[in-house]
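A.B. asks:
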Amino acid sequence: MHQFNLVLLGPPGAGKGTQAGRIVAEYGIPHISTGDILRAAVKNQTALGLEAKKYMDAGELVPDSVVIGIVKDRLQESDTQRGFLMDGFPRTIPQAEALDEALQGLGRAITKVIVLLVDEEILVKRLTGRRICRSCQTPYHVMFTPPEQEGVCDKCGGELYQRDDDTEATVRNRLAVYRKQTEPLIEYYDRSGVVVRIDGAQEAEKVFEDIREALGPA
Ligand code: ADP
Ligand code: ADP
Ligand code: ZN
45 MHQFNLVLLG PPGAGKGTQA GRIVAEYGIP HISTGDILRA AVKNQTALGL EAKKYMDAGE
105 LVPDSVVIGI VKDRLQESDT QRGFLMDGFP RTIPQAEALD EALQGLGRAI TKVIVLLVDE
165 EILVKRLTGR RICRSCQTPY HVMFTPPEQE GVCDKCGGEL YQRDDDTEAT VRNRLAVYRK
225 QTEPLIEYYD RSGVVVRIDG AQEAEKVFED IREALGPA
């Protein structure tokens, strides 16, 4: 059976969450966002959440061992049989190696890595104006993609909020962390020929068309 074992890669604000919603709807695969999983843990004040919060508020990465454990557990669930969309994971070379190893153990491999490319000044504008639905995590933007009714999610009626780490200072640090620790993954995955580069500065609908063209039919 043809699998869609996908990684969505790109700097904070590139549109990963926005495109993830469209991709999982089209391809019928689960959306695995380590950021969403960590924010839920922070909200529920679990041991994981208490450990992760200090890193997240500073715009630093949560330790590899913590996120690798989360993803390995998630891959054991039966809804990942046809594939999955990783969003925000892997973010370091050790995370990518651990993912390859875990998949190998399951007789699988990454089939495509979708890289969203966007200039830094656009990213800062996107992130500082971002709002997220508390219930379904859909991202909006106060200027670029506002909801029909201010503060309310179009999809589920949930309340929109601003993430603690979407402030200009933290955003700048997250972008620096991306360049140093995550960008080298593009070269890592280039070696296995699975990378597709997409112009993420285009309108969201056009970005999705390019992704769909690269992935082929569901
Ligand atoms: P964005 O959508 O802006 O790229 P995420 O929601 O993916 O941000 O991540 C928010 C924060 O959660 C990160 O700044 C980091 O602290 C933590 N985080 C998420 N995924 C990972 C990961 N794979 N490794 C380490 N930290 C992570
Ligand atoms: P990421 O998950 O990569 O951090 P998001 O999908 O949350 O990125 O998008 C970041 C912000 O930019 C959100 O406010 C979102 O509404 C907005 N956005 C996403 N894609 C586009 C686009 N193609 N054009 C304009 N704004 C966008
Ligand atoms: Zn919602």
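For what it's worth, our numbering labels the leading residue of the sequence shown as 45, then goes sequentially.
We put the CB at the ideal spot given by N, CA and C, even for glycine.
Can you tell me the Cβ-Cβ gap for T136 and D117, rounded? I've got them flagged as a contact below 8 Å.
C.D. replies: Translated into positions along the sequence shown, residue 136 becomes position 92. Translated into positions along the sequence shown, residue 117 becomes position 73. With 8 Å as the limit, T136 and D117 do not qualify as a contact, their Cβ atoms being about 19 Å apart.
A.B. asks: What residues are listed by DSSP as bridge partners for R256?
C.D. replies: Start at 1 with the first residue of the sequence shown, and residue 256 comes out as number 212. Paired residue(s): none; R256 is not in a bridge.
A.B. asks: Pick from G61, I242 and L129: whose alpha carbon is nearest that of A153?
C.D. replies: Position 109 of the sequence shown, counting from 1, holds the residue named residue 153. Out of G61, I242 and L129, L129 has the C-alpha closest to the C-alpha of A153.
A.B. asks: How about K60 and D131: are their beta carbons less than 8 Å apart?
C.D. replies: Counting from one through the sequence shown, the residue named residue 60 turns up at place 16. Counting from one through the sequence shown, the residue named residue 131 turns up at place 87. Contact flag set, yes.
A.B. asks: Does the separation of the CB atoms of P134 and L229 fall below 8 Å?
C.D. replies: Position 90 of the sequence shown, counted from the first residue, corresponds to residue 134. Position 185 of the sequence shown, counted from the first residue, corresponds to residue 229. For P134 and L229, yes; Cβs fall inside 8 Å.
A.B. asks: Cutting at 6 Å between CB atoms, please list the residues of its own chain near E212, excluding the five before and the five after it.
C.D. replies: Start at 1 with the first residue of the sequence shown, and residue 212 comes out as number 168. The residues are T172.
A.B. asks: Which residues does DSSP list as the beta-bridge partners of N49?
C.D. replies: In the sequence shown, counting from the first residue as 1, residue 49 sits at position 5. In the DSSP output, where bridge partners are listed per residue, N49 has F128.
A.B. asks: Measuring CB atoms only, is the segment 135-149 touching the segment 91-99, in the sense that at least three cross pairs come out at less than 8 Å?
C.D. replies: Segments in contact, no.
A.B. asks: Is P228 a contact residue of ligand 1, with contact defined as CB to any heavy atom under 7 Å?
C.D. replies: As a working note, residue 228 is residue 184 in the sequence shown. No.
A.B. asks: What are the complete alpha helix (DSSP H) segments, minimum 4 residues, inside the segment 196-245?
C.D. replies: Runs of the alpha helix (DSSP H) inside the segment 196-245: 212-221 and 228-234.
A.B. asks: Would you tell me roughly how many angstroms separate the C-alpha atoms of E227 and C200, rounded to the nearest one?
C.D. replies: If you number the sequence shown from 1, residue 227 lands on position 183. If you number the sequence shown from 1, residue 200 lands on position 156. Answer to the nearest angstrom: the Cα atoms are 34 Å apart.
A.B. asks: Which stretch, first to last residue, makes up the alpha helix (DSSP H) that contains V86?
C.D. replies: For the purposes of this step, residue 86 is taken as residue 42 along the sequence shown, with counting starting at 1. Note, V86: alpha helix (DSSP H), T78 to K87.
A.B. asks: Just to check, is the beta-carbon of K199 closer than 7 Å to a non-hydrogen atom of ligand 3?
C.D. replies: Taking the sequence shown and counting its residues from 1, the one referred to as residue 199 is at position 155. Result yes, Cβ under 7 Å from ligand 3.
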